[in-house]
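Asks:
In UniProt numbering, the protein residues as written are 1 to 178.
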């Protein structure tokens, strides 16, 4: 069934069927990335993929494999989605409930200020967030190194160094997250 594929590196996350780690080079950087073999797009009937949670027109999934923010976005892209863009308190509550049902205390979302310091935008649209739920004192760009957004179990958000390794939340929509 998996001839030619090194099945020793195959894992099951419980959120999507099966995947493996593949070597990928970006310039002079070499890493192995987890690539799922089952993808997370909404089917034509509007159902979310197995293990994903629907809220409105979006489907969300918490991936507990800890990755830095750019790796997390690439993994969501492989799943035909994006890091989650949280548009309202209802979506924020759904994502936080996913954290509460897991061992994770925080997770990456698709919010960043990598282009302009202090101007947080969503990866999916490159537009400023209309809805936010920053923890008091956040975003604070501590030590000038916090540019990526994370949601916490208590539904509040914080900025963190993009190099931190955290679980993350992907979303896909009826238009396959694009």
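Ideal Cβ positions, reconstructed from N, Cα and C, are used throughout, including at glycine.
Run through the UniProt domain "C-type lectin" (55-171) for me and flag every whole alpha helix (DSSP H) of 4 or more residues, listed as ranges in chain order.
Replies: Whole alpha helix (DSSP H) segments, 4+ residues: 69-78 and 89-100.
Asks: Should the segment 141-155 be regarded as contacting the segment 47-62, the criterion being three or more beta carbon pairs within less than 8 Å?
Replies: As far as the Cβ criterion goes, the segment 141-155 does not touch the segment 47-62, which means the pair count is below three.
Asks: Compare the beta carbon distance of residue 72 and residue 83 with 8 Å and say whether it is the shorter of the two.
Replies: Taking the first residue of the chain shown as 1, we reach residue 72 at position 72. Taking the first residue of the chain shown as 1, we reach residue 83 at position 83. Contact: yes.
Asks: Which whole-angstrom value describes the C-beta separation of residue 110 and residue 85, a residue pair presumed to lie in contact below a C-beta threshold of 8 Å?
Replies: The residue labelled residue 110 in the question sits at position 110 within the chain shown. The residue labelled residue 85 in the question sits at position 85 within the chain shown. Right, their Cβ atoms sit about 5 Å apart.
Asks: If we ignore side chains and look at the alpha-carbon of each, how far apart do residue 135 and residue 120 end up?
Replies: Here residue 135 corresponds to residue number 135 of the chain shown, with the count starting at 1. Here residue 120 corresponds to residue number 120 of the chain shown, with the count starting at 1. Answer to the nearest angstrom: the Cα atoms are 15 Å apart.
Asks: Going by beta carbon distance, what residues of the same chain come within less than 7 Å of residue 68, once the five residues before and after it are set aside?
Replies: By 1-based counting over the chain shown, the position of residue 68 is 68. Cβ neighbours of residue 68 beyond the five flanking positions: 162, 163, 164 and 165.
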